[in-house]
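Trainee: Residue numbers (the numbering used here): 3 to 1153. Ideal placement from N, C-alpha and C gives every residue a C-beta, glycine not left out. On a predicted model such as this, the values are computed, not experimentally measured, just so you know.
#1: Using a Cβ distance threshold of 8 Å, determine whether the region 1087-1105 contacts the region 1047-1061, with at least three qualifying pairs required.
#2: Taking all protein chains shown into account, do 16 or more other C-beta atoms lie within 10 angstroms of the C-beta of residue 262, making it buried, or fewer, making it exposed?
#3: What runs of the beta strand (DSSP E), each 3 residues or longer, lie entirely inside the region 317-368?
#4: Using the three-state DSSP reduction, which class does residue 1011 fall into: helix, strand or coil?
#5: Since residue 954 and residue 922 are thought to touch, with beta carbons under 8 Å apart, how far apart are those beta carbons, to the nearest angstrom?
#6: Please find out if some non-hydrogen atom of the ligand GTP comes closer than 7 Å to the beta-carbon of residue 802.
#7: Pairs of beta-carbons, one from the region 511-530 and one from the region 483-502, closer than 8 Å: are there three or more?
#8: Check this for me: beta carbons of residue 639 and residue 527, under 8 Å apart or not?
#9: Are residue 143 and residue 151 closer than 8 Å when you measure CB to CB?
#10: Per DSSP, what kind of secondary structure is residue 155 in: helix, strand or coil?
#11: Skipping 5 residues on each side, what residues in its chain have a beta carbon closer than 8 Å to that of residue 1002?
#12: By the three-class DSSP mapping on this structure, what secondary structure does residue 313 have?
#13: Under the rule that 16 or more other beta-carbon atoms within 10 Å means buried, what is residue 802, buried or exposed?
#14: Between residue 1016 and the rest of its own chain, which residues show a CB-CB distance below 6 Å, the 5 nearest in sequence each way excluded?
#15: Taking only the alpha-carbon atoms, compute the straight-line gap between residue 766 and residue 584 and give it to the nearest angstrom.
#16: Beta-carbon separation of residue 1138 and residue 1068 under 8 Å?
#17: Excluding the five sequence neighbours on either side, which residues of its own chain have a C-beta within less than 6 Å of the C-beta of residue 619, listed in chain order?
#18: Inspect the beta-carbon positions of residue 582 and residue 808 and report whether they are closer than 8 Å.
#19: Since residue 97 contacts residue 81 with CB under 8 Å, what's their CB separation in whole angstroms?
#20: Counting pairs of beta carbons, one from the region 277-289 and one from the region 306-318, are three or more of them closer than 8 Å?
#21: Give me, in chain order, the residues of the same chain whose beta-carbon lies closer than 8 Å to that of residue 1074; leave out the 5 immediate sequence neighbours on both sides.
#22: Thinking residue 363 and residue 419 are a contact (beta carbons under 8 Å), I'd like their distance in whole angstroms, please.
#23: With DSSP collapsed to three states, give me the class of residue 444.
#24: Distance check for residue 615 and residue 468, CA to CA, integer angstroms please.
#25: If you draw a straight line from the alpha carbon of residue 49 to that of residue 37, how long is it in whole angstroms?
#26: Can you tell me which residues form a DSSP beta bridge with residue 890?
#27: Tell me whether residue 376 sits in a helix, a strand or coil according to DSSP, three-state version.
#28: When we look at the beta-carbon of residue 824 and count the other beta-carbons within 10 Å, is it buried (16 or more) or exposed?
#29: Spatial neighbours of residue 838 within its chain, please: C-beta separation below 7 Å, excluding the five flanking residues on both sides.
#30: Would you decide whether residue 911 is buried or exposed? Buried here means 16 or more other CB atoms lie within 10 Å of its CB.
#31: Contact defined as beta carbons within less than 8 Å: I believe residue 534 pairs with residue 624. What is the distance between those atoms, to the nearest angstrom?
#32: From residue 566 to residue 820, what does the alpha carbon distance come to, in whole angstroms?
#33: Taking the alpha-carbon positions, what's the residue 293 to residue 277 distance?
#34: In the structure shown, what three-state DSSP assignment does residue 1068 receive?
#35: According to DSSP, residue 300 sits in a beta bridge with which residue or residues?
#36: Counting C-beta neighbours from all protein chains within 10 Å, is the total for residue 280 16 or more, i.e. buried, or is it exposed?
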């Protein structure tokens, strides 16, 4: 008999145990159970099967150990007993238990954010069966210094867990942030995602550097072709542009520029090409040969500047490697174990240095075998025909076959590339050793997957050849096989052996359960001289990622090009009863971050982690074959898998806009000719035509006519035609209005310009439930002219699926593009550059204007002051070209300003609205002054009045906003609480000014005290009907405050007054005091609080026990103390520090 089970049982997952008996005629039952270790008193799960001739004496039972029955403890490993009892045998085995169960995937709406933006985040959560897990999930946000900044928990009802947005604090730490996800209880499964926080502005066009190959070896060392391609995000190519290319060498992490290697060239119709001599360039900084550069990377920077327009962009590229040999060799579907007396198939794949396969490369193989006495037999010698092949064009592989002698104990073979264009030292070469499988009865089994190897997809029927070899071959009547995937047995069977065949065909179908990879184990039992022996082999199968619940997100529009703000229909098609999470990203964001791994690839790699097996298959004996396939087994056929789990696995298997004419034409299907003939005068005709236009706002013709600044004749023509058109619309809403003679164009102020102001970087963050197979949504496109990438993720009981991304191109024929920097400094004149594009065939006249509020001065050539039309100078712009426009502005006021750019053309006017962020010049300084008031005379004399001598510094930057803040800290809390307990007082509390760490902490303190008072005394009813929302709002505000404070935390866990300032004893003690208390209402990163506590004790406590302040910041309490009061100062600081330590001590572990 053979009984196989997974090597590790996962808590909460259903695992299959397969039982098979050989040589029996009569049916008999087997009871299989999971029992507690070491006492066997508790039965976690059990099942009963019958082995009969009908099922070929092979069947399986499914068992599960629930986490509540065997709870996880942090410090000890858990085990259980697998027990099988039958009339013929009784066996048990100790098996480890793992609490990894299921899969978590974190999805953010984009990869990069600026300060003050919010991160939208959701988590897809699946159990072991790839069905929605429906478990409570916890998210933790970690800043670039590994400080846990925020923790959120959400329940899961659908497998898609939506979390509240995470607001990035106003003074964040820049760099790579992390999000960690885990389950709240029972399981240890986790996931991590990253996003970047930096200041950036979206690029105007995409630049791609395309080298002729991703490596430079001897043949390309002096002549390497590099192409630079540039296109707008709406997919149109740049017609012409100047390109500046700079080069450098990257060794390990160091970058050295080669200043003499700069190239200047031009892009024509989207492409520029240059030939680069890397030998000459590298010698200028001391690299004299290709060998000296081997393994380094070429660093390329391309700056592109529109020739006609005013926009520019820059991109860097580091994907070209210097390589003495351009090839890498690897084996595919070739386990390194040979079977004496049987053929051995070797499949070699040739890849280049960046892991892309290369076809048509000659490859040679030489092989020799060693016997037990290390006698050498040459099997394939150098230059022999059987050792020469060319790699296939389709996947870069070549197949060799080696016949293994029956006395072989080891095979050594060497693979070389034989590219005629390369010298010997530049060829790739690799030597492998394959050990022989050892068997007492010299019985062997070899699965040949290499010769039929192909990429497998769900639904494929696969045919694998199995070669047996044994002295007792006549006694072998059956083969049995198991297929495992992701650590589970998914299929099993037994097949008759046909006599006198050199090999057998084993045929089975690839199912969804085998994605993304599976292991096939084939075995037989042979009866030798009195003893039975189990003989086995296995192989790893790679299965293409396809979804179980195929999801398609389609755009229902016959038009290839869409306009901004157009309403479109999106259709999702998938399994009934699915949930689909949508998201959309402006592809320009990849100009900021570079491309990322595709979502489905990420999911494949994640699912692969659950494979319990190791290597490409095979093993040195029967025990090793099962173990390397991730299985454990019990048998009486001369094999014992009793040792504990073996050595770790080190083998890697997978490297891997609306037009004037259109508006009139759109109003129906018939033709009405409206005679404009009675208006002979061209101006009056134009006015009549304007009156006919449909107008989106419900104003009467009379109201519209009042805005016309022309003569009376124009006004009456306008009103006349407007009312006539309205009557027609009422009578026949479907008829089309066509004006006779639409051939003349003129500019009227009546032509309503389209306003474009909504330019999100990500959009469409929604989750939809599909009860039937499909659902159609109607959505309005944002105003950006770009290509949107729409992604859909579907989750149902059939698993997870990521749809192919849908690309939506949004374009206009004539439009204005303006590049606005992330922030500008007040008082510095800057030039904003932009371009006007005419994608029509014919030339147009255009002009542009800028309008800004009071805080921004505008002047210069293109910018015409005032808003009157007459002052706008028109220019010509040819069809299919662009023209640069520049605006000079001088920002005068701080803050966010709206700037409107207007493009006027005869038929397409538009207004582009951008936001300008103005920062102060100079540096921020704080001045402190402080006093004690004693209105009651508690400390002796009564003191109720204090004047502040307030001097404005002489070097103050003009028009600086001076923030004067007076903070009064009562020594007695009672009155403060009394003023706050009116609902209005709460509003005051939750919006105190921010900016320094003290201000942030001070804004949390009263909130916390009030919250604690209301909570402990159960007085929430004082706040009236809004109790619940007030409580939630206060908690949220405290949490936001805690996130902001983390910006002032230094790497050594101390706190400083300003970001990246000096560490302050007083402030760290203050932070400990607040955090230690807030901890009872809000989840904090407790370890980081404890680290701050240790910093305070280790760094600030003097030998005499007092505490000392090392920064030059003085708290209000100590401001104005005289030098002779140093003792009092030290006393205050020591007391303050001890209070901070006391309040936060209870969070920390006692040792």
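Mentor: With the given structure in hand:
#1: With the rule of 3 Cβ pairs closer than 8 Å, the region 1087-1105 counts as touching the region 1047-1061.
#2: Sequence index remark: in the chain shown, residue 262 carries index 260 (1-based). Exposed, by the Cβ-count rule.
#3: 329-333 and 345-354
#4: By one-based count along the chain shown, residue 1011 stands at place 1009. Residue 1011: helix per DSSP, three-state reduction.
#5: Along the chain shown, one-based indexing puts residue 954 at 952. Along the chain shown, one-based indexing puts residue 922 at 920. Not a contact, Cβ separation roughly 16 Å.
#6: No copy of the ligand GTP occurs in the structure displayed, which carries no ligand at all.
#7: yes
#8: Walking along the chain shown from the start, residue 639 turns up at place 637. Walking along the chain shown from the start, residue 527 turns up at place 525. Contact flag set, yes.
#9: As a position in the chain shown, residue 143 is number 141, starting the count at 1. As a position in the chain shown, residue 151 is number 149, starting the count at 1. Yes, the pair counts as a contact, with Cβ atoms nearer than the cut-off.
#10: The count along the chain shown starts at 1 and reaches residue 155 at position 153. Here residue 155 sits in strand by DSSP.
#11: Residue 1002 sits at position 1000 when you count from the first residue of the chain shown. Cβ neighbours of residue 1002 beyond the five flanking positions: 996, 1043, 1046, 1047 and 1050.
#12: What you label residue 313 is simply residue 311 of the chain shown in a count that begins at 1. Of the three classes helix, strand and coil, the one that applies to residue 313 here is coil, per DSSP.
#13: In the chain shown, residue 802 corresponds to position 800, counting from 1. Buried, by the Cβ-count rule.
#14: As a position in the chain shown, residue 1016 is number 1014, starting the count at 1. Closer than 6 Å at Cβ, skipping near neighbours: 1022.
#15: For this step, residue 766 is matched to residue 764 along the chain shown. For this step, residue 584 is matched to residue 582 along the chain shown. Each residue's Cα considered, the two are about 6 Å apart.
#16: As a first step, residue 1138 must be located in the chain shown, where it is residue number 1136. As a first step, residue 1068 must be located in the chain shown, where it is residue number 1066. Yes, these two residues count as a Cβ contact at 8 Å.
#17: Within the chain shown, numbered from 1, the residue matching residue 619 stands at position 617. Sequence-distant partners of residue 619 (beyond 5 residues in either direction) whose C-beta falls short of 6 Å from its own C-beta, in its chain, are 337, 540, 541 and 542.
#18: The residue given as residue 582 occupies position 580 in the chain shown. The residue given as residue 808 occupies position 806 in the chain shown. No; because the gap between Cβ atoms is not below 8 Å, this pair is not in contact.
#19: By one-based count along the chain shown, residue 97 stands at place 95. By one-based count along the chain shown, residue 81 stands at place 79. Indeed they touch by this definition, with Cβ atoms about 7 Å apart.
#20: No contact exists between the region 277-289 and the region 306-318.
#21: Against the chain shown, residue 1074 aligns to sequence position 1072. These residues qualify, in order along the chain: 1091, 1094, 1095, 1098, 1142, 1143, 1145 and 1146.
#22: Counted from its first residue, the chain shown places residue 363 at position 361. Counted from its first residue, the chain shown places residue 419 at position 417. Between residue 363 and residue 419 the beta-carbon gap is near 6 Å, inside 8 Å, which marks them as a contact.
#23: Along the chain shown, read from residue 1 onward, the residue named residue 444 stands at position 442. Coil, per DSSP.
#24: As a working note, residue 468 is residue 466 in the chain shown. As a working note, residue 615 is residue 613 in the chain shown. Their Cα atoms are separated by approximately 21 Å.
#25: On the chain shown, position 47 is the one that residue 49 refers to. On the chain shown, position 35 is the one that residue 37 refers to. Whole-angstrom Cα-Cα distance: 12 Å.
#26: Your numbering for residue 890 matches position 888 in the chain shown. Residue 890 is bridged to 833 and 861.
#27: In the chain shown, counting from the first residue as 1, residue 376 sits at position 374. In this structure, DSSP gives residue 376 a state outside helix and strand, which the three-state scheme calls coil.
#28: Here residue 824 corresponds to residue number 822 of the chain shown, with the count starting at 1. Answer is exposed; the Cβ neighbour count stays below 16.
#29: Your numbering for residue 838 matches position 836 in the chain shown. Same-chain partners within the cutoff: 818, 848, 850, 879, 884, 885, 887 and 905.
#30: Your numbering for residue 911 matches position 909 in the chain shown. Buried, since its Cβ has 16 or more Cβ neighbours within 10 Å.
#31: As a position in the chain shown, residue 534 is number 532, starting the count at 1. As a position in the chain shown, residue 624 is number 622, starting the count at 1. Rounded, the Cβ-Cβ distance is 11 Å, inconsistent with contact.
#32: Here the question's residue 566 lines up with position 564 in the chain shown. Here the question's residue 820 lines up with position 818 in the chain shown. Looking at the two C-alpha atoms, the distance is approximately 16 Å.
#33: Translated into positions along the chain shown, residue 293 becomes position 291. Translated into positions along the chain shown, residue 277 becomes position 275. About 21 Å.
#34: Looking up residue 1068 in the chain shown gives position 1066. DSSP places residue 1068 in helix when its eight states are reduced to three.
#35: Numbered from 1 along the chain shown, position 298 holds the residue referred to as residue 300. Bridge partners of residue 300: 251 and 322.
#36: Counting from one through the chain shown, the residue named residue 280 turns up at place 278. When all chains shown are included, residue 280 counts as buried.
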